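Start counting the sequence shown at 1418; every next residue gets the next number (the working numbering). For each residue, glycine too, the CB sits at the ideal point set by N, CA and C. Note that the structure is a prediction, hence the values are computed from the model and not measured. Below is one structure, written out as structure tokens; the observations come after it.
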Amino acid sequence: MLIVPAPVPGTDINKTHRHNEKEKHMTLSQRPKLQVFLDLDGVFADFDARVKHLTGKHPSELDRNRLWRMVNSDKRFFAELELIEGCMVLWEATRDLEPIFLTGAPSSRIFQEQKREWVARIFGPEFTVHVVPKKLKQEFSGPHKVLIDDTPENIERWIEHGGYGILHTGDHASTVKALQELLDLYVHEK
1418 MLIVPAPVPG TDINKTHRHN EKEKHMTLSQ RPKLQVFLDL DGVFADFDAR
1468 VKHLTGKHPS ELDRNRLWRM VNSDKRFFAE LELIEGCMVL WEATRDLEPI
1518 FLTGAPSSRI FQEQKREWVA RIFGPEFTVH VVPKKLKQEF SGPHKVLIDD
1568 TPENIERWIE HGGYGILHTG DHASTVKALQ ELLDLYVHEK
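Written as structure tokens, this is what we have:
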């Protein structure tokens, strides 16, 4: 298992990697392809900016109940989120890996549909989108699966269930670097 924090200056990815003994001896052609899962809010979609636009306050300044009442009252909230500046660097690095979007949302079917609509509009309808309660993201984890997410708890649970995690801390270039280091490690292990 591996957790790759991004960015942490001076982090040596090799020190935190634990080899799976069986896979250690596989050739590249025998090894399963890594499947990349991408979070939306906080990685690509700017939830915080939309809340601030509607309320004048950052989400952290709002009572949780007030925040979700405001989100629920905006019938197009998730469909109209802006892209986070710089996020297309990460998209360019992951697009050819056939990523799956794995995003949390309130149980509202409308919000789930809006998130799928958002991905189709921004990235294309050919990409898979799973919208699940945040606490269930780890159900998609396992060997050969990577999650890029901005919530430390999601990354921790993902790793506990056997996957690789990259914690996105706001710097897309650092997240891309961490992903590239993971891919290089995965490809070059013998």
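Applying the criterion that 16 or more other CB atoms from any shown protein chain within 10 Å of the CB defines a buried residue, is Met1470 buried or exposed? Reading off the sequence, residue 1470 comes out as His, not Met. Classification of His1470: exposed, given that the 10 Å Cβ count is below 16.
Using the three-state DSSP reduction, which class does Pro1550 fall into: helix, strand or coil? coil
With distances taken Cα to Cα, identify the nearest neighbour of His1589 among Lys1450, Leu1455, Pro1449 and Leu1451. Leu1455
If you draw a straight line from the C-alpha of Leu1519 to the C-alpha of Thr1592, how long is it? 17 angstroms
Check whether the Cβ atoms of Val1548 and Ala1522 lie closer than 9 angstroms to each other. yes
Could you tell me how far apart the beta carbons of Gly1619 and Lys1562 are, in whole angstroms, since I believe they sit closer than 8 angstroms? No information on residue 1619 is available, as it lies outside the stretch 1418 to 1607 that the chain covers here.
Return the chain-ordered ranges of every alpha helix (DSSP H) run that is complete within the stretch 1478 to 1549 and spans a minimum of 4 residues. 1481 to 1490, 1504 to 1511 and 1526 to 1539
I'd like the span of the alpha helix (DSSP H) that includes Val1468, first residue to last. Element bounds for Val1468: Phe1464 to Thr1472.
Under the rule that 16 or more other beta-carbon atoms within 10 Å means buried, what is Lys1450, buried or exposed? exposed
Answer yes or no: do Trp1575 and Leu1457 have a C-beta to C-beta separation smaller than 9 angstroms? no
Residues sharing a beta bridge with Gly1559, DSSP: Its beta-bridge partners do not exist; DSSP assigns none.
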